[in-house]
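The block underneath contains the structure these notes are about, expressed in structure tokens.
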Amino acid sequence: MPVPSDFGVRESDLNEITVANDLRSAKSPEDRILEELAGKNYSPEARFAIRLALEEALTNAVKHGNRNNASKRLHIRYHVDTQRTVIGVCDEGAGFAPAKIPDPTIEENLERPCGRGIMLMCAYMTKVRYNKSGNEVWLLRVNQPEHGACDGRD
Amino acid sequence: MKISLRQSGRAQIAKLSGEVGLEEGAELQTRLLAAIDKDTPHLILELSDLAFIGSPGLSALLASRATARELGGSIQIVSPSEQIGGLLKVTQIDPLIRVHQNLESAIQATIDRPK
């Protein structure tokens, strides 16, 4: 899936990293993106929000997308500038239907230890977009206070 | 992530510092669950030096809460950062785990609870 056209960056703007399918390897692109955020003077609140959403995307890709399969890989594309951060995380799994994930904020699900990932990404990023098969997610955070809309699937 | 534990009455006080990121959630859950038993069913999490926690860390808190409740105990949180306090609200965990501004209030909450 190409970067969504309304995210404000071109394919040629994106950096690309492919890593092994485990959380330790996933730290590498995370560290690079966090370094760029710090270097471009994002606020502590913005860095917290982007890290939270990115970790959700990476954890979902490793555990649910690639099902902890060590032979699979994660593909991360990203762009950070002073105006916006765009991150795409793609796994090699079969995908899923985001709309079928139970709402973790309704009373019967509040005490469940899992299932908050998509809700958190939507709460902390300006836009969140999945591809049709659900194995790739794009995150946009505009570097200003206004954020919090979730587009769902493309 | 660093965890230091000390006991106060029927509570274990766990001071967390650093970050609970991609790799630390599972370790946090193991350490917290090991701290809860029938003699110390209450867990007080002092978070003033914790800079980041993601959803694996939140899952560890909820798993600890479930174990504590099975033993008649509770989980109390003390002094989260503005970002972590906000995260507890967004995830609607804050009604499940009481947040205190100081340690004394959290310790008193564990004393006030019936056995």
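For the protein sequence lines, the chains are S and X, in the order given.
With my numbering applied, the first sequence covers 3 to 156.
With my numbering applied, the second sequence covers -16 to 98.
Every residue, glycine too, gets a C-beta built ideally from N, C-alpha and C.
Proximal residues to residue i (C-beta, below 7 Å), its chain only, five neighbours per side dropped
| i | result |
| --- | --- |
| residue 0 of chain X | -15, 32 and 33 |
| residue 14 of chain S | none |
| residue 79 of chain X | 48 |
Classification of residue i by the beta-carbon crowding that lies within 10 angstroms, buried from 16 upward
| i | result |
| --- | --- |
| residue 47 of chain S | exposed |
| residue 101 of chain S | exposed |
| residue 148 of chain S | Legend: pLDDT at residue 148 of chain S = 46, less than 50; position of this residue unreliable, value from coordinates given subsequently. Exposed, since its Cβ has fewer than 16 Cβ neighbours within 10 Å. |
| residue 84 of chain S | exposed |
| residue 72 of chain X | exposed |
| residue 45 of chain S | exposed |
| residue 43 of chain X | buried |
| residue 17 of chain S | exposed |
| residue 43 of chain S | exposed |
| residue 137 of chain S | buried |
| residue 51 of chain S | buried |
| residue 128 of chain X | Nothing can be reported for residue 128 of chain X: it is not among the residues displayed for chain X, which extend from -16 to 98. |
Where residue i sits in the DSSP three-state scheme
| i | result |
| --- | --- |
| residue 8 of chain S | helix |
| residue 54 of chain X | coil |
| residue 88 of chain X | helix |
| residue 1 of chain X | strand |
| residue 71 of chain S | coil |
| residue 72 of chain X | helix |
| residue 42 of chain S | coil |
| residue 17 of chain S | strand |
| residue 143 of chain S | strand |
| residue 138 of chain S | strand |
| residue 156 of chain S | Reliability fails at residue 156 of chain S, whose pLDDT of 48 lies under 50, so the model's placement of it is uncertain and the value that follows must be treated cautiously. If DSSP states are grouped into helix, strand and coil, residue 156 of chain S belongs with coil. |
| residue -11 of chain X | strand |
| residue 93 of chain S | coil |
| residue 98 of chain S | coil |
| residue 31 of chain X | strand |
| residue 48 of chain X | helix |
| residue 13 of chain X | helix |
| residue 120 of chain S | helix |
Cβ shell of residue i (< 6 Å), same chain only, five flanking positions each side left out
| i | result |
| --- | --- |
| residue 31 of chain S | 19 and 78 |
| residue 40 of chain X | 3, 8 and 11 |
| residue 105 of chain X | As displayed, chain X neither begins before -16 nor continues past 98, which places residue 105 of chain X out of reach and without an answer. |
| residue 128 of chain S | 142, 143, 144 and 149 |
For residue j and residue i, believed in contact at Cβ under 8 Å, the rounded distance
| i | j | result |
| --- | --- | --- |
| residue 93 of chain X | residue -7 of chain X | 6 Å |
| residue 71 of chain S | residue 23 of chain S | 6 Å |
| residue 95 of chain S | residue 69 of chain S | 6 Å |
| residue 110 of chain X | residue 57 of chain X | The shown model of chain X, from -16 to 98, leaves out residue 110 of chain X, and the question about it has no answer. |
| residue 5 of chain S | residue 97 of chain S | No, residue 5 of chain S and residue 97 of chain S are not in contact; Cβ-Cβ is about 18 Å, not under 8 Å. |
| residue 70 of chain X | residue 46 of chain X | The Cβ separation is near 17 Å, so there is no contact. |
| residue 90 of chain X | residue 27 of chain X | 7 Å |
| residue 59 of chain S | residue 123 of chain S | 7 Å |
Neighbourhood of residue i by C-beta distance below 8 Å, restricted to the same chain and skipping five residues each side
| i | result |
| --- | --- |
| residue 21 of chain S | 27, 28, 30, 31, 75, 76 and 78 |
| residue 64 of chain X | 30, 31, 33 and 34 |
| residue -10 of chain X | -4 and 23 |
| residue 12 of chain S | 5 |
The segment 22 to 46 of chain S: positions lying closer than 8 Å to chain X by Cβ: For the segment 22 to 46 of chain S, which is checked against every Cβ of chain X, the residues closer than 8 Å are 25, 26, 28, 29, 32 and 46.
Short-range partners of chain X found in the segment 49 to 74 of chain S, where Cβ spacing is below 7 Å: 50, 53, 54, 57, 58, 60 and 61
Chain-ordered residues of the segment 132 to 143 of chain S with a beta carbon less than 8 Å from chain X: none
Near-chain S residues of the segment 46 to 79 of chain X - C-beta to any C-beta below 9 Å: 46, 48, 49, 64, 65, 66, 67, 69, 70, 73, 74, 75, 76, 78 and 79
Near-chain S residues of the segment 8 to 37 of chain X (beta-carbon distance less than 7 Å), N- to C-terminal order: 35 and 37
Proximal residues, the segment -3 to 8 of chain X versus chain S, C-beta separation under 8 Å: Listed by position, the residues of the segment -3 to 8 of chain X near chain S (Cβ gap below 8 Å) are 4, 5 and 6.
Interface residues of the segment 9 to 20 of chain S facing chain X [CB-CB below 9 Å]: none
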